[in-house]
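So the structure is just underneath, and the comments pick up after that.
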Amino acid sequence: MLTKITRQPFKDLVRESKVLDLIHSDLCDFHATPSLGNKKYVVTFINDASRYCYVYLLHSKDEALDKFKIYKQEVKLHESELIKVLRTDRGSGYYDPVYFEATRIIHQTTAPYTPQQNGVAERKNRTLKEMVNSMLSYSGLSEGFWGEAMLTACYILNRTPNKRSKNTPYELWCKKVPNLSYLRVLGCRAVIRLTKPKMKTLGERGVDCIFIGYAEHSKANRLYVLESNDFVSLNTVIESRDSIFDEERFTSIPRPRDMIQQSFSKNTTQAGDDSSGTSYVPELRKSTRARKAKSFGYDFQLYLVEGTRNETISQHQYCFNIEEDPKIFNEAMDSRDVHFWKDVIHDEIDSIMHNNTWILAYLPPGCKVLGCKWILKRKMNVDGIIDKYNDRLVIQGFRQKEDIDVFDT
Numbered sequence: 059m060l061t062k063i064t065r066q067p068f069k070d071l072v073r074e075s076k077v078l079d080l081i082h083s084d085l086c087d088f089h090a091t092p093s094l095g096n097k098k099y100v101v102t103f104i105n106d107a108s109r110y111c112y113v114y115l116l117h118s119k120d121e122a123l124d125k126f127k128i129y130k131q132e133v134k135l136h137e138s139e140l141i142k143v144l145r146t147d148r149g150s151g152y153y154d155p156v157y158f159e160a161t162r163i164i165h166q167t168t169a170p171y172t173p174q175q176n177g178v179a180e181r182k183n184r185t186l187k188e189m190v191n192s193m194l195s196y197s198g199l200s201e202g203f204w205g206e207a208m209l210t211a212c213y214i215l216n217r218t219p220n221k222r223s224k225n226t227p228y229e230l231w232c233k234k235v236p237n238l239s240y241l242r243v244l245g246c247r248a249v250i251r252l253t254k255p256k257m258k259t260l261g262e263r264g265v266d267c268i269f270i271g272y273a274e275h276s277k278a279n280r281l282y283v284l285e286s287n288d289f290v291s292l293n294t295v296i297e298s299r300d301s302i303f304d305e306e307r308f309t310s311i312p313r314p315r316d317m318i319q320q321s322f323s324k325n326t327t328q329a330g331d332d333s334s335g336t337s338y339v340p341e342l343r344k345s346t347r348a349r350k351a352k353s354f355g356y357d358f359q360l361y362l363v364e365g366t367r368n369e370t371i372s373q374h375q376y377c378f379n380i381e382e383d384p385k386i387f388n389e390a391m392d393s394r395d396v397h398f399w400k401d402v403i404h405d406e407i408d409s410i411m412h413n414n415t416w417i418l419a420y421l422p423p424g425c426k427v428l429g430c431k432w433i434l435k436r437k438m439n440v441d442g443i444i445d446k447y448n449d450r451l452v453i454q455g456f457r458q459k460e461d462i463d464v465f466d467t
């Protein structure tokens, strides 16, 4: 048993029959590319009975629980029911046992290193990511528009039937058939009409924009301004219902479908001009797609250092397995440099206590306790060798809200 043990199979789960009996949720990281609103994370809430999905964009993972509270209040007013179970992974963004105990909501978490137990949320995140990549690639928009593409992808999926049910999640959730006549292609060019206070008697009445999605709580479209004038500034987002769309016109980057159509038209023209009467057979061409090197993970990097011509290259080939700086305390304790991190952390704590940095006090009523976080960095020399380990203890001041938790700085 010790040498042949394997993972247990994952059986199909039985879907809950009632609305709000079970909610699936998961966090998705887009930390490398901030959105237009400087958001870096996405949290999804999926109803198990209808598979209707809510998507919220976050600045940090700590906002996940706050978004769940907003979601809980909204669905409670919508369905006149209460959420029974919330199923997530073991992420720290949802960790608040006091809140779940007070609301009587059962917070189910997956087993360690078993994301398959939260398969509904994981699969939804994968589908949304694939749709976002396709939308951005087809429209030619930059990666900074991933937030608008994510909201639009969720909007479309809620109005699309799945293989388990002929009805769309929107029909099961809102009890009516959705209207799809106003759907547009993300990233297409559009012209919006200026409002009366901004419209002149003579001159242009519209502004050139890009369609980036649908308004959340109004019957309007969200558009990104491309040209500035006396009334509208450049690179701003406007919500408007008076707009004209050109779904065949996008940014200056040609779309893949347009390139195929142009190539097909060219080949057809050559076939029509052939005086011999034989059909035109296009020649096979070699793919021009750039080949990418295989990735072995974010923590694996290969360095090749070549010496002079008189020296053999094999004597100057080195392979380093470099870890990234730990983002949280637990990652530092699980890394191979745990002894070095412990030493610098103990030195920092001793310095703080020796300098009497803080004093203990009772928490005033109605105030919020702020947490702290370790910032851990490796200082590298020019030749890539670690010089020293640095750490710093910082206060998580972003947990406070102005005029609610604090009035004076």
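Each residue of the sequence shown is one higher than the one before, counting from 59 in the working numbering.
Beta carbons: idealized from backbone N, C-alpha and C, even for Gly.
These numbers were taken from a predicted model, which means no experiment stands behind them.
Backbone CA spacing between residue i and residue j [nearest angstrom]
i       : j       : result
Gly-429 : Asp-401 : 22 Å
Asn-293 : Ser-93  : 13 Å
Thr-168 : Cys-111 : 20 Å
Leu-60  : Gln-66  : 15 Å
Tyr-171 : Phe-203 : 32 Å
Asp-331 : Glu-262 : Bear in mind that a pLDDT of 49 at Asp-331, under 50, signals an unreliable position, so the number given afterwards is only what the model happens to contain. When rounded, the distance between both Cα atoms is 45 Å.
Ile-270 : Cys-232 : 24 Å
Asn-279 : Phe-103 : 24 Å
Lys-446 : Lys-69  : 49 Å
Lys-459 : Lys-119 : 16 Å
Ser-276 : Arg-299 : 9 Å
Leu-230 : Arg-184 : 23 Å
Ser-239 : Met-391 : 55 Å
Glu-382 : Lys-224 : 47 Å
Ser-321 : Ser-192 : Confidence at Ser-321 is low in this model, with a pLDDT of 49, below 50, so the placement of that residue is unreliable and no value is reported for it.
Asn-388 : Leu-186 : 30 Å
Leu-194 : Ser-200 : 7 Å
Ile-63  : Leu-209 : 43 Å
Ala-52  : Lys-127 : Residue coverage of the chain in this structure runs from 59 to 467, which leaves residue 52 outside it and unanswerable.
Pro-423 : Phe-465 : 15 Å
His-13  : Thr-415 : This structure gives no information on residue 13, because the portion of the chain shown stretches from 59 to 467.
Phe-456 : Val-190 : 29 Å
Val-468 : Ile-417 : This structure gives no information on residue 468, because the portion of the chain shown stretches from 59 to 467.
His-404 : Arg-436 : 16 Å
Tyr-272 : Val-440 : 50 Å
Nearest-angstrom Cβ-Cβ length linking residue i and residue j, presumed shorter than 8 Å
i       : j       : result
Leu-115 : Val-100 : 6 Å
Asp-147 : Pro-173 : 6 Å
Arg-145 : Leu-80  : 6 Å
Trp-432 : Asp-449 : 6 Å
Glu-297 : Arg-242 : Not really, about 14 Å apart at Cβ, beyond 8 Å.
Ile-410 : Leu-451 : 7 Å
Own chain, CB closer than 6 Å to residue i, minus 5 neighbours either side, in chain order
i       : result
Asp-463 : Lys-426
Ile-141 : Leu-78, Ile-81, Lys-130 and Ile-163
Residue i - DSSP class collapsed to helix/strand/coil
i       : result
Ser-118 : coil
Leu-99  : Here the sequence assigns Tyr to residue 99, which means Leu is not the residue at that position. Looking at Tyr-99 - three-state DSSP - the assignment turns out to be strand.
Val-133 : helix
Asn-448 : strand
Ala-179 : helix
Gln-166 : strand
Glu-262 : coil
Gly-472 : There is no way to answer for residue 472, as the model of the chain reaches only from 59 to 467.
Phe-387 : helix
Lys-187 : helix
Val-84  : The residue you asked about is not Val; residue 84 is Asp in the sequence shown. Three-state result, Asp-84: strand.
Glu-229 : helix
Trp-416 : coil
Arg-457 : helix
Gly-365 : Its pLDDT being 44, under 50, Gly-365 is placed unreliably in this model, and the coordinates cannot settle the point.
Residue i CB to nearest heavy atom of the ligand FMN below 7 Å
i       : result
Thr-161 : Among the components of this structure there are no ligands whatsoever, and the ligand FMN is therefore not found.
Nearest residue (CA-CA) to residue i, options the options
i       : options                               : result
Phe-398 : Asn-413, Leu-418 and Ile-444          : Ile-444
Gln-454 : Ile-163, Ala-90, Glu-121 and Val-113  : Glu-121
Val-235 : Thr-218, Val-243 and Val-249          : Thr-218
Lys-97  : Glu-206, Ile-141 and Glu-159          : Glu-206
Ala-90  : Phe-456, His-117 and Lys-125          : His-117
Leu-252 : Ser-200, Ser-286, Phe-387 and Met-189 : Ser-286
Glu-274 : Phe-308, Gly-245, Leu-421 and Tyr-213 : Tyr-213
Gly-198 : His-165, Val-143, Phe-308 and Asp-106 : Phe-308
Arg-222 : Leu-421, Leu-418, Arg-457 and Asp-106 : Asp-106
Own chain residues within Cβ distance below 8 Å of residue i, not counting five before or after
i       : result
Glu-137 : Val-77 and Leu-78
Val-295 : Leu-94, Ile-270, Arg-280, Leu-281, Tyr-282 and Val-283
Val-290 : Leu-252, Lys-256, Val-265, Val-283 and Ile-296
Cβ-based neighbour list, residue i, same chain, cut-off 7 Å, excluding 5 preceding and 5 following
i       : result
Met-438 : Ile-444 and Asp-445
Gln-175 : Thr-168 and Ala-169
Gly-151 : Leu-85, Lys-119, Asp-120, Ala-122 and Leu-123
Arg-109 : Asn-220 and Pro-227
Phe-303 : Arg-242, Cys-246, Ala-248 and Phe-269
Ala-179 : His-82, Ser-83, Asp-84, Thr-102 and Ile-104
Pro-384 : Ala-390, Ser-393 and Leu-434
Short CB-CB distance (under 8 Å) between residue i and chain C
i       : result
Glu-382 : The question asks about chain C, but that chain is absent: this structure has only one protein chain.
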